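Peer 1: Quick one: structure below, then a few questions.
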Amino acid sequence: MGAEPLPGRVVALQANYCLVDLDGPSELGPDGRLLCTRRTRLDKSGLQVCVGDRVTVASVDWRARRGSVVGLEPRQSLLQRPAVANVSRVVVVVSLAEPGLDPLQLTRFLITAEATGQPVQVVLSKADLLPAAAVAAWCRRLEGWGYATVALSTHTGAGLVALRSQLSQPGIAVLCGPSGVGKSSLLNALAPALELRVAAVSGRLRRGRHTTRHVELFPLAPGALVADSPGFNTPALPSDPQTLAAAFPELLARLRASPCRFANCRHQGDPGCAMGDSWDRHGLYGRCLEEVEALAGVRSRGGQGRHGEGGMRQRGDRLEPLLDPQLRRSSRSTRRQALDGELSSPDREDSDPDRR
Ligand SMILES: Nc1nc2c(ncn2[C@@H]2O[C@H](COP(=O)(O)OP(=O)(O)O)[C@@H](O)[C@H]2O)c(=O)[nH]1
Ligand SMILES: [Mg+2]
Ligand SMILES: [Zn+2]
Numbered sequence: 001m002g003a004e005p006l007p008g009r010v011v012a013l014q015a016n017y018c019l020v021d022l023d024g025p026s027e028l029g030p031d032g033r034l035l036c037t038r039r040t041r042l043d044k045s046g047l048q049v050c051v052g053d054r055v056t057v058a059s060v061d062w063r064a065r066r067g068s069v070v071g072l073e074p075r076q077s078l079l080q081r082p083a084v085a086n087v088s089r090v091v092v093v094v095s096l097a098e099p100g101l102d103p104l105q106l107t108r109f110l111i112t113a114e115a116t117g118q119p120v121q122v123v124l125s126k127a128d129l130l131p132a133a134a135v136a137a138w139c140r141r142l143e144g145w146g147y148a149t150v151a152l153s154t155h156t157g158a159g160l161v162a163l164r165s166q167l168s169q170p171g172i173a174v175l176c177g178p179s180g181v182g183k184s185s186l187l188n189a190l191a192p193a194l195e196l197r198v199a200a201v202s203g204r205l206r207r208g209r210h211t212t213r214h215v216e217l218f219p220l221a222p223g224a225l226v227a228d229s230p231g232f233n234t235p236a237l238p239s240d241p242q243t244l245a246a247a248f249p250e251l252l253a254r255l256r257a258s259p260c261r262f263a264n265c266r267h268q269g270d271p272g273c274a275m276g277d278s279w280d281r282h283g284l285y286g287r288c289l290e291e292v293e294a295l296a297g298v299r300s301r302g303g304q305g306r307h308g309e310g311g312m313r314q315r316g317d318r319l320e321p322l323l324d325p326q327l328r329r330s331s332r333s334t335r336r337q338a339l340d341g342e343l344s345s346p347d348r349e350d351s352d353p354d355r356r
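Residue 1 is where the sequence shown starts when you use my numbering, and the numbers rise one by one after that.
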């Protein structure tokens, strides 16, 4: 039994346990993973450990390779879904075909990724399934959105060298994206040493593929970890329009150069809008905005319709929806209360990531 708590990193969660990779050499040898109990709450705020967390472990039983997480270091960043703490890079993976690239779905993944505040890049997989010109056109399109983009194929090996060197930087990179786009195949191609572990599951059964069920961190280079994650198809959107706008790099870049006339511009044909309607994601942004506003309306008004349908009018330096004045007054104040409530909630970001 060691007396001093030992530092390490959570690399996977399993039921009520977590796997912790201890820093440096230990009595476990080089592959020093301990199965640790994770308490339902680590502190008064109800914080739970998630993959990527820096923790301290005590009550170690070296022979049974067991321990108990007793401390959690503050997080530098958090990807909400899949829940991964201390992410330094998010790689959104979508396939060019089988399944085909859906720009709205990709946008939703990018919005989730942007919420980490960390660099975000795009991988277009299965490049072997489209003509080179079509692949190049997609790359140009996504670069127009503001994203470094790599097209690759695990079948031909194209693009893998470039991605491997990017992911070998120190820190945690997360591969996220819809299921079936080839995230696990990609990780196998990047780190052949892992192939045994992953391929063993589907193996010679010829079932076609291993299905990833949990987030797990894998070492790719010294100090560089990559998370494979289960796919899910519809990431949630942020709860307010400001956060949504902040997740569109091309919007931010343009507004930094020349702001719209109104601070609360919806960028959907509003008077004095600096964006206009010729930007590629104008329509995608509009669809996300409608959903964000509808949900904000549901939260504040118990299901009443969103604003925007009746047009907008100028009032001071703000634009306001043209609505029945009675309704407008109540909806604006209750909406503000709803937002305030969210912002002041102490552990909103750190609440149980598994529930999401
Ligand atoms: N054509 C083609 N198929 C691929 C490629 N990479 C993966 N796949 C196939 O896509 C399917 C899903 O792969 P998988 O790695 O499990 O996707 P995940 O759900 O994102 O982890 C499998 O049948 C793979 O063989 C590729 O580069 N080209
Ligand atoms: Mg997978
Ligand atoms: Zn605008």
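All residues carry an ideal CB built from backbone N, CA and C; glycine is no exception.
Computed from a predicted model, the values in this text were never measured in an experiment.
Tell me, which residues are paired with F218 by DSSP?
Peer 2: Locating residue 218 in the sequence shown gives position 218, counting from the first residue. Answer is V226.
Peer 1: Would you decide whether L220 is buried or exposed? Buried here means 16 or more other CB atoms lie within 10 Å of its CB.
Peer 2: Residue numbering aside, residue 220 sits at position 220 when the sequence shown is read from its first letter. Counting Cβ neighbours within 10 Å, L220 comes out buried, since at least 16 surround it.
Peer 1: From V181 to L217, what distance separates their C-alpha atoms?
Peer 2: For this step, residue 181 is matched to residue 181 along the sequence shown. For this step, residue 217 is matched to residue 217 along the sequence shown. Straight-line Cα distance between these residues: approximately 19 angstroms.
Peer 1: Is the beta carbon of G8 sitting closer than 7 angstroms to the one on F109?
Peer 2: Within the sequence shown, residue 8 is the residue found at index 8, counting from 1. Within the sequence shown, residue 109 is the residue found at index 109, counting from 1. No, the pair does not count as a contact, with Cβ atoms beyond the cut-off.
Peer 1: How long is the line joining the alpha carbons of G223 and A12, rounded to whole angstroms?
Peer 2: Along the sequence shown, one-based indexing puts residue 223 at 223. Along the sequence shown, one-based indexing puts residue 12 at 12. Whole-angstrom Cα-Cα distance: 17 angstroms.
Peer 1: Is it the case that the Cβ atoms of V51 and V20 are separated by a distance below 7 angstroms?
Peer 2: The count along the sequence shown starts at 1 and reaches residue 51 at position 51. The count along the sequence shown starts at 1 and reaches residue 20 at position 20. No, the Cβ-Cβ distance between V51 and V20 is not below 7 angstroms.
Peer 1: Please look up how many angstroms separate the CB atoms of L90 and L78, rounded, as I've assumed it's under 8 angstroms.
Peer 2: Reading the sequence shown from its first residue, position 90 is the one you call residue 90. Reading the sequence shown from its first residue, position 78 is the one you call residue 78. Note on identity: in this sequence residue 90 is Val, with Leu being the wrong assignment. Not a contact, Cβ separation roughly 11 angstroms.
Peer 1: Nearest-angstrom Cα distance between A227 and R261?
Peer 2: As a working mapping, residue 227 is identified with position 227 in the sequence shown. As a working mapping, residue 261 is identified with position 261 in the sequence shown. Taking the straight line from one Cα to the other gives about 42 angstroms.
Peer 1: Ignore the nearest five residues each way along the sequence and tell me which others in C273's own chain have a CB closer than 6 angstroms to its CB.
Peer 2: Here residue 273 refers to the residue found at position 273 of the sequence shown. If we look at C273 and ignore the five residues flanking it on each side, its Cβ neighbours are C260, C265, H267.
Peer 1: In whole angstroms, what is the alpha-carbon distance linking A158 and A136?
Peer 2: Residue 158 sits at position 158 when you count from the first residue of the sequence shown. Residue 136 sits at position 136 when you count from the first residue of the sequence shown. A158 and A136: Cα-Cα distance of roughly 13 angstroms.
Peer 1: Check whether the segment 146 to 166 touches the segment 119 to 133, counting contact only when three or more Cβ pairs, one atom from each stretch, lie closer than 8 angstroms.
Peer 2: Yes, since at least three Cβ pairs between the segment 146 to 166 and the segment 119 to 133 fall closer than 8 angstroms, the two stretches touch.
Peer 1: Can we count H267 as close to ligand 3, meaning its CB is less than 6 angstroms from some heavy atom?
Peer 2: If you number the sequence shown from 1, residue 267 lands on position 267. H267 Cβ: within cutoff of ligand 3.
Peer 1: Beta carbon of C176: closer than 6 angstroms to some heavy atom of ligand 3?
Peer 2: Counted from its first residue, the sequence shown places residue 176 at position 176. No - ligand 3 has no heavy atom lying nearer than 6 angstroms to the Cβ of C176.
Peer 1: How long is the line joining the alpha carbons of P5 and Q14, rounded to whole angstroms?
Peer 2: Here residue 5 is taken as the residue at index 5 of the sequence shown, counted from 1. Here residue 14 is taken as the residue at index 14 of the sequence shown, counted from 1. The straight-line gap from Cα to Cα measures roughly 22 angstroms.
Peer 1: With a threshold of 16 other CB atoms inside 10 Å of the CB of L104, please say whether the residue is buried or exposed.
Peer 2: Within the sequence shown, the letter at position 104 stands for residue 104. Classification of L104: exposed, given that the 10 Å Cβ count is below 16.
Peer 1: Alpha carbon to alpha carbon, what distance is there between S300 and P170?
Peer 2: Taking the sequence shown and counting its residues from 1, one reaches residue 170 at position 170. Taking the sequence shown and counting its residues from 1, one reaches residue 300 at position 300. Their backbone Cα atoms lie some 43 angstroms apart in a straight line.
Peer 1: Taking just the CA atoms, how far does P74 sit from L129?
Peer 2: Working through the sequence shown from its first residue, we reach residue 129 at position 129. Working through the sequence shown from its first residue, we reach residue 74 at position 74. Looking at the two C-alpha atoms, the distance is approximately 43 angstroms.
Peer 1: With distances taken Cα to Cα, identify the nearest neighbour of T37 among P25, S26, V60.
Peer 2: Within the sequence shown, residue 37 is the residue found at index 37, counting from 1. Nearest of P25, S26, V60 to T37, Cα basis: V60.
Peer 1: For a quick check, are the C-beta atoms of D277 and G269 less than 7 angstroms apart?
Peer 2: The residue given as residue 277 occupies position 277 in the sequence shown. The residue given as residue 269 occupies position 269 in the sequence shown. Contact flag set, yes.
Peer 1: Sorry if obvious, but does the Cβ on K183 come closer than 6 angstroms to a heavy atom of ligand 2?
Peer 2: To locate residue 183, count along the sequence shown from 1; it is residue 183. The answer is yes for K183.
Peer 1: What are the boundary residues of the beta strand (DSSP E) that includes C36?
Peer 2: The residue labelled residue 36 in the question sits at position 36 within the sequence shown. 33 to 37 is the extent of the beta strand (DSSP E) around C36.
Peer 1: Does the beta-carbon distance from A151 to A127 come in below 7 angstroms?
Peer 2: As a first step, residue 151 must be located in the sequence shown, where it is residue number 151. As a first step, residue 127 must be located in the sequence shown, where it is residue number 127. In contact: A151 and A127 (Cβ atoms closer than 7 angstroms).
Peer 1: Assuming R54 is part of the beta strand (DSSP E), what are its boundary residues?
Peer 2: Mapped onto the sequence shown, residue 54 falls at position 54. Taken as a continuous stretch (DSSP letters only), the beta strand (DSSP E) holding R54 covers 54 to 61.
Peer 1: Within 10 Å of its beta-carbon, does V161 have 16 or more other beta-carbons around it, so buried, or fewer, so exposed?
Peer 2: Translated into positions along the sequence shown, residue 161 becomes position 161. Exposed.
Peer 1: Are R65 and L35 close, meaning C-beta to C-beta below 7 angstroms?
Peer 2: Here residue 65 corresponds to residue number 65 of the sequence shown, with the count starting at 1. Here residue 35 corresponds to residue number 35 of the sequence shown, with the count starting at 1. Cβ atoms of R65 and L35: closer than 7 angstroms.
Peer 1: Taking the beta strand (DSSP E) that G177 belongs to, which residues open and close that run?
Peer 2: As a first step, residue 177 is located in the sequence shown; it is residue number 177 there, counting from the start. First-last for G177: undefined, no H or E at that position.
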